[in-house]
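Before any comments, here is the structure.
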Amino acid sequence: TGAGLAGLGKGGMVAMTAGIGAAMAGAAAAVGVGIKSVTAAADFEQTKVAFATLIGDAAKAEATLAKLRELGAETPFEFPELADAGRKLIAFGESADTVPETLRRIGDVSAGVQAPVNELAELYGKARLQGRPFAEAINPLNGRGIPIIGELAKQFDVSDSQVKKLVESGQVGFPAIEQAFVNMTSQGGK
């Protein structure tokens, strides 16, 4: 083979070396894709188990995850961040049936104020869990640029300063927060 390689000449050797290098790079890329695929499949299985555990129904968990995948395909958000946000919402008491639509609204608000969807899902979930929001639930939303106080003022037909008093006195419940998100993300909303 030594004589055979010598017959290739300098140009042939360079071409052969480049070909071997390209083949090795291609093989390395294929291995990398394979590893990523296996990791993604394992992550999805863990997510499926977590949803099934939280929801208590494997079939409903699969259906919810399928809707979150569709949402990921329709929005700028990736499935892993939607799944994480969905898991948080369910842990805070959101129904598996309403998670995709709630996440769509939270995602719209998130995109509008350029805040992470996971962060807003957690704030929304905490407000849900409290039942009647306190300033600690309203202020972080307002601080992220979400016009929650203005939306609540419209609902209660009061000024912004009066909303704060209504919140402090416990007259604003989570349904008002939920409605504010619906209003902000519906036709004509902010």
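Residues 14 to 203 in this note's numbering are what the sequence shown spells out, letter by letter. No residue lacks a Cβ here, since even glycine has one placed at the ideal position from N, Cα and C.
**Prompt:** Exposed or buried, K178, counting other C-beta atoms within 10 Å across all chains shown (16 or more means buried)?
**Reply:** K178 should be labelled exposed.
**Message:** Just to confirm the assignment, what range does the alpha helix (DSSP H) spanning E75 have?
**Reply:** Counting along the chain, the alpha helix (DSSP H) containing E75 begins and ends at 71-87.
**Item:** Local Cβ density within 10 Å of A71, reported as buried at 16 or more and exposed below that
**Value:** Within a 10 Å sphere around the beta-carbon of A71 sit fewer than 16 other beta-carbons, which makes this residue exposed.
**Request:** Taking all protein chains shown into account, decide if T111 is buried (16 or more other Cβ within 10 angstroms of its Cβ) or exposed.
**Result:** Around the beta carbon of T111, fewer than 16 other beta carbons sit within 10 angstroms, so the residue counts as exposed.
**Request:** Please report how far the alpha carbon of K73 lies from the alpha carbon of L95, in whole angstroms.
**Result:** Here the alpha carbons of L95 and K73 stand approximately 17 Å from one another.
**Asked** Looking at the structure shown, is A148 part of a helix, part of a strand, or coil, going by DSSP?
**Response** In the three-state reduction of the DSSP assignment, A148 falls in the helix class.
**Item:** Burial state of G99, where buried means 16 or more other Cβ atoms lie within 10 Å
**Value:** Per the 10 Å Cβ criterion, buried.
**Request:** Please say whether L102 and L81 have beta carbons closer to each other than 8 Å?
**Result:** Contact flag unset, no.
**Euclidean distance between Cα positions of V46 and A109** = Interpretation of V46 is limited by its pLDDT of 48, a score under 50 that renders its predicted location unreliable; no figure is taken from the coordinates.
**Message:** Is it buried or exposed, E149, if we count other Cβ atoms within 10 angstroms and call 16 or more buried?
**Reply:** If you draw a 10 Å sphere on the C-beta of E149, you find fewer than 16 other C-beta atoms in it, and that means exposed.
**Request:** Note down the Cα distance separating D173 from E191, rounded to an integer number of angstroms.
**Result:** Looking at the two C-alpha atoms, the distance is approximately 18 Å.
**Message:** So A104 and L133 are supposed to be a Cβ contact under 8 Å. How far apart are they, rounded?
**Reply:** That pair is no contact at about 15 Å.
**Prompt:** If you scan the stretch 103-144 from start to end, which runs of the alpha helix (DSSP H) of 4 or more residues do you find wholly inside it?
**Reply:** 112-126, 130-143, all fully within the stretch 103-144.
**Asked** Cα separation between R157 and L136?
**Response** Cα to Cα, the separation comes out at about 11 Å.
**Request:** Could you pull out every residue in the same chain whose Cβ sits closer than 7 Å to the Cβ of V195, ignoring the five residues on either side in sequence?
**Result:** If you ignore the 5 residues before and after V195, its C-beta comes within less than 7 Å of the C-beta of R118, all in its own chain and listed in chain order.
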